[in-house]
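> Got a structure here, written out as structure tokens. Questions coming.
In this note's numbering, the protein residues as written are 43 to 296.
This is the structure:
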């Protein structure tokens, strides 16, 4: 009966993670009603169009904004992006706040590694100001709502994996001469596994507003922009796979 201990651990992990997810979803819904982001989004004028960086943020987050900026500067011959993982400044003149942020991270040396540059710029003030503006306009979900919910979803996923592992251990554990249970051990572990998987499905279907960066109003504008986009806007919507230059794609691995 040693497998019962594994079952108790699996049930505890499943119940605790699902309870946290439900509690986080309730708090997120309450905060959303208090802040009324949906109402703010409803006040956005129909003719409102997303800028390039706004489109990139709503479609892919801070990292997408940085990638669009780097691709734009590389196409304008202001940066050289090498497939070896280095970025070199060619023309240190910035056209907007995002380009100034990139050049500021690179610094006076004029050259830096690509990966740290992308990470530092994505966490910088320029991207944070862009995100704050979208939240204020009701087009983006605040991090205070999205981050805790995303963490709770990750915990439920980890609990589902733990249930599978504990179930495998319980199945492989010798009974030590005791009479085997009438119900197969694996079936007992199916209960906490179904609980975690069910919570993940419900979270994906019913709580998309907390999982996505774009609010419902932001998704509507993003869909309108994605319906007809090319050039840098295609990169903003679809990511680096929309870059038609193989050299740039190899210099910016996803």
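For every residue, glycine included, the Cβ atom is placed at its ideal position computed from N, Cα and C.
The structure displayed is predicted, hence computed values, not measured ones.
Can you name, in chain order, every residue of its own chain whose Cβ lies under 7 Å from the Cβ of residue 139, other than the five neighbours on each side?
Residue 139 sits at position 97 when you count from the first residue of the chain shown. Correct list, in chain order: 168.
> May I ask you to report which of helix, strand or coil DSSP gives residue 56?
For the purposes of this step, residue 56 is taken as residue 14 along the chain shown, with counting starting at 1. Note: residue 56 maps to helix in three-state DSSP.
> Spell out the partners DSSP gives residue 66 in its beta bridges.
Here the question's residue 66 lines up with position 24 in the chain shown. For residue 66, which the question treats as bridged, DSSP gives no partner whatsoever.
> Taking 8 Å as the threshold, find out whether the stretch 180-192 comes into contact with the stretch 150-169 through three or more Cβ pairs.
No, the stretch 180-192 is not in contact with the stretch 150-169.
> What do you get for residue 247, buried or exposed, if any count of 16 or more other CB atoms within 10 angstroms of its CB means buried?
Residue mapping note: residue 247 aligns to position 205 of the chain shown, counting from 1. Residue 247 comes out exposed.
> Okay, do the stretch 288-295 and the stretch 116-135 touch, 3+ Cβ pairs below 8 Å being the bar?
With the cut-off at 8 Å, the stretch 288-295 and the stretch 116-135 touch.
> Go ahead and label residue 44 buried or exposed: buried means 16 or more other beta carbons lie within 10 angstroms of its beta carbon, across all protein chains shown.
The residue given as residue 44 occupies position 2 in the chain shown. Residue 44 should be labelled exposed.
> Would a C-beta distance cut-off of 9 Å place residue 274 and residue 100 closer than the cut-off?
As a first step, residue 274 is located in the chain shown; it is residue number 232 there, counting from the start. As a first step, residue 100 is located in the chain shown; it is residue number 58 there, counting from the start. No, the pair does not count as a contact, with Cβ atoms beyond the cut-off.
> Spatial neighbours of residue 230 within its chain, please: C-beta separation below 7 Å, excluding the five flanking residues on both sides.
Position 188 of the chain shown, counted from the start, is the residue given in the question as residue 230. Counting only Cβ-Cβ distances below 7 Å, and skipping sequence neighbours, we find 49.
> By Cβ distance below 7 Å, which residues in the same chain neighbour residue 62 in space, the five residues on each side in sequence not counted?
As a first step, residue 62 is located in the chain shown; it is residue number 20 there, counting from the start. Cβ within range, chain order: 194 and 197.
> Using DSSP with H/G/I as helix, E/B as strand and the rest coil, what is residue 188?
Taking the chain shown and counting its residues from 1, one reaches residue 188 at position 146. Reduced to three states, the DSSP call for residue 188 is helix.
> Whole-angstrom Cβ separation of residue 155 and residue 128, contact assumed at under 8 Å?
Position 113 of the chain shown, counted from the start, is the residue given in the question as residue 155. Position 86 of the chain shown, counted from the start, is the residue given in the question as residue 128. About 6 Å; that satisfies the 8 Å criterion.
> How big is the Cα-Cα spacing for residue 153 and residue 122?
In the chain shown, residue 153 corresponds to position 111, counting from 1. In the chain shown, residue 122 corresponds to position 80, counting from 1. Whole-angstrom Cα-Cα distance: 9 Å.
> Could you tell me which residues DSSP puts in a beta bridge with residue 256?
Within the chain shown, residue 256 is the residue found at index 214, counting from 1. DSSP output for residue 256 lists 182 as bridge partner(s).
> In this structure, does DSSP put residue 215 in helix, strand or coil?
Taking the first residue of the chain shown as position 1, residue 215 is located at position 173. The answer is coil: DSSP assigns residue 215 none of H, G, I, E or B.
> Once you ignore the five residues that flank residue 87 on each side, which residues in its own chain have a CB closer than 8 Å to its CB?
The residue given as residue 87 occupies position 45 in the chain shown. Its pLDDT being 44, under 50, residue 87 is placed unreliably by the model, and the measurement read from it follows with that caveat. So the list is empty, once near-sequence residues are dropped.
> Based on DSSP bridge pairs, tell me the residues matched to residue 130.
Here residue 130 is taken as the residue at index 88 of the chain shown, counted from 1. Its beta-bridge partners are 122 and 153.
> On the criterion of 16 or more Cβ atoms from any shown chain inside 10 Å, does residue 214 qualify as buried, or is it exposed?
In the chain shown, residue 214 corresponds to position 172, counting from 1. Residue 214 comes out exposed.
> With C-beta atoms as the reference, is residue 294 less than 9 Å away from residue 199?
Within the chain shown, numbered from 1, the residue matching residue 294 stands at position 252. Within the chain shown, numbered from 1, the residue matching residue 199 stands at position 157. Not closer than 9 Å, so no.
> For residue 241, which of helix, strand or coil comes out of DSSP?
The residue labelled residue 241 in the question sits at position 199 within the chain shown. Of the three classes helix, strand and coil, the one that applies to residue 241 here is helix, per DSSP.
> Take residue 21 and list the residues in its own chain whose beta-carbon comes closer than 6 Å to its own, dropping the five residues that flank it on each side.
Given a span of 43 to 296 for the chain in the structure shown, any question on residue 21 remains unanswerable.
> Can you confirm whether residue 165, when its beta carbon is compared against all beta carbons of chain D, has any partner nearer than 9 Å?
Reference to chain D is not applicable here, since this structure consists of a single protein chain.
> Taking the alpha helix (DSSP H) that residue 294 belongs to, which residues open and close that run?
Residue mapping note: residue 294 aligns to position 252 of the chain shown, counting from 1. Careful: residue 294 lies outside any alpha helix (DSSP H) and carries neither H nor E.
> Whose CA, out of 130, 261 and 209, lies closest to the CA of residue 181?
Indexing the chain shown from 1 puts residue 181 at position 139. Among 130, 261 and 209, the Cα nearest to that of residue 181 belongs to 261.
> Going by Cα to Cα distance, which pick from 240, 237, 211 and 241 is closest to residue 227?
Position 185 of the chain shown, counted from the first residue, corresponds to residue 227. Answer by Cα proximity: 211.
> Mind checking whether residue 277 and residue 269 have CB atoms under 9 Å apart?
Looking up residue 277 in the chain shown gives position 235. Looking up residue 269 in the chain shown gives position 227. No.
> Taking residue 1 as the reference, which of 255, 256 and 206 has the closest Cα?
Residue 1 is absent from the model: the chain starts at 43 and stops at 296.
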